[in-house]
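Colleague: Please see the structure below; I have some questions.
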Amino acid sequence: MKLEIRTNKTPVPILKKNRAIMDRKGVVILENKEEIKVSGLLSEEVMKEYLVFHSRKSRIWYVIFGMLLYAVLIRIAIPDIPIIFMLFAMLFAGMIVWFIVPMATKKKAIKEYRSDQLMQQEVFYIVSRDGISQKVRKSEMLTRWEDILSIHETKNLFIFYISKNKAIVIPHKFLVKNEMQLLRQLIKENENSHSSQSVYSEPIARKQTGNPEDLTFTIFISEKMFLAYINFLARKIKMLFPFGFIAIYLFLTLVLFEYKMSIFIAVFAVVVGLATWYFLTTYLNWKATAEYRSDRRLHNDIHLELNADGIIQTLPNSQAHYAWEEILSIYETKNAFLFFVSKNRAIILPQKYVNETEKTKVRNKIKKHAKTKKR
């Protein structure tokens, strides 16, 4: 999501066919054909505010984990430390983590925003009784009310979660006062329309292209494939995080508390690193599983088309167009081709849907059209 700060460009509502009826109690009642149309540029500040809101619960867990870990390390380094001093040390560590988490989250938001060229384009929203429709250049998506998991309104944003970690964000500044009132009324009318979890199965149908130069695939992203993708995304942090904890432990033990290196300290440092890697992997798999099961779009077949212009990804009620110059990086793993359209988001083409001839064609198309090298 590549970024340019857009806050100086105030979005202009493009609506204005709305008509509202007031009942006897002064409550707004929406007509059947009524809809809210607005557009604007999502700024870096909006992305940061959304991610800070999204990480509010994990921030507390990070603080608790940091305090407990610090207490364990201090206790090991200084077995006879008074309880009062250990409590102060835990509180100090917790305060540091409390302030570091939003800083790290904002930094992550900036990187993600700056890497996603599509996010920096003007977004057109249509909110109606059918759901929320978004359009960015050639890409369109309709999210029905029953597919929205939860809805939140913050000081500056309306946030509509379509999975555990994905949301549609509409800033308040995109709407005028009466549009905000109508939107709240629509939310109130549809907040209980969520249906039960969809039942899904893996389709095997394939679509044939009319152009021999184009490649088309009808695929299904299984839970196992999604977990492999998330672990690929986290491959660097899974290596660096354990080494970071080992470094912290050795620093506390050898520098701050002037202990000499011993076999016990070295072995325990390795144990800390391995335990950190194990818990991090378990946590990532748990988060990925929750995300997959909450995102109903992944429970349907996906149609992919690779042509000279780029990649077209079609799901039920949505279609996204990505030009080759908008693809940041491409990886071929054991299980899939990954076309990254932002730092943390990729189009997945599982290898099992691609025969050997098609693999050669995919590689040739990447080599011919992609602006980045395949890795």
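Numbering follows the working numbering, with no gaps: position 147 of the sequence shown is 130. Every residue, glycine too, gets a C-beta built ideally from N, C-alpha and C. Bear in mind the structure is a predicted one, so any value in this text is a computation, not a measurement.
Looking only at its own chain, which residues have a Cβ that is under 7 Å from the Cβ of Ser277, when we skip the five neighbours before and after it?
Modeller: Leu132, Ser146 and Lys147
Colleague: Identify whether Pro195 lies in helix, strand or coil by the three-state DSSP scheme.
Modeller: Under the three-state reduction of DSSP, Pro195 is assigned to coil, being neither helix nor strand.
Colleague: Could you check how far apart the C-beta atoms of Phe209 and Tyr275 are, in whole angstroms? I think they sit under 8 Å.
Modeller: 5 Å
Colleague: Considering only the beta carbon of each residue, do Ile294 and Phe323 sit closer than 8 Å?
Modeller: Cβ distance not < 8 Å, so Ile294 and Phe323 don't count as in contact.
Colleague: Nearest CA to the CA of Lys270: which residue from Phe75, Lys149 and Gly49?
Modeller: That would be Lys149, whose Cα lies nearest to the Cα of Lys270.
Colleague: How far does the alpha helix (DSSP H) with Lys31 in it extend, from its first residue to its last?
Modeller: Note, Lys31: alpha helix (DSSP H), Glu27 to His37.
Colleague: Select from Pro85, Glu123 and Ala353 the residue whose C-alpha is nearest the C-alpha of Asn290.
Modeller: Ala353
Colleague: In whole angstroms, what separates the C-alpha of Phe226 from that of Leu233?
Modeller: 10 Å
Colleague: Mapping DSSP to helix, strand and coil, what is Val11?
Modeller: For Val11, the predicted model reports a pLDDT of 40, less than 50, meaning its position is unreliable; a value from the coordinates is still stated below. Val11 sits in a strand when the DSSP states are folded into three classes.
Colleague: Are Val29 and Leu140 touching if we call contact CB-CB under 8 Å?
Modeller: yes
Colleague: Among Lys31, Met102 and Thr272, which residue has its Cα nearest to the Cα of Pro85?
Modeller: Lys31
Colleague: Counting Cβ pairs, one atom from each stretch, are 3 or more of them under 8 Å apart for the stretch 30 to 49 and the stretch 83 to 100?
Modeller: As far as the Cβ criterion goes, the stretch 30 to 49 touches the stretch 83 to 100, which means the pair count is three or higher.
Colleague: Which partner residues of Gln302 appear in the DSSP bridge assignment?
Modeller: Per DSSP, Glu123 and Thr297.
Colleague: Could you check whether Leu281 and Ile204 sit closer than 8 Å to each other, using their CB atoms as the reference points?
Modeller: yes
Colleague: Over the uninterrupted beta strand (DSSP E) stretch that includes Tyr144, give me the two end residues.
Modeller: Leu140 to Tyr144
Colleague: Expressed to the nearest angstrom, what Euclidean distance is found between the alpha-carbon atoms of Leu125 and Val119?
Modeller: 12 Å
Colleague: Nearest CA to the CA of Tyr53: which residue from Ile66, Tyr33 and Gly77?
Modeller: Gly77
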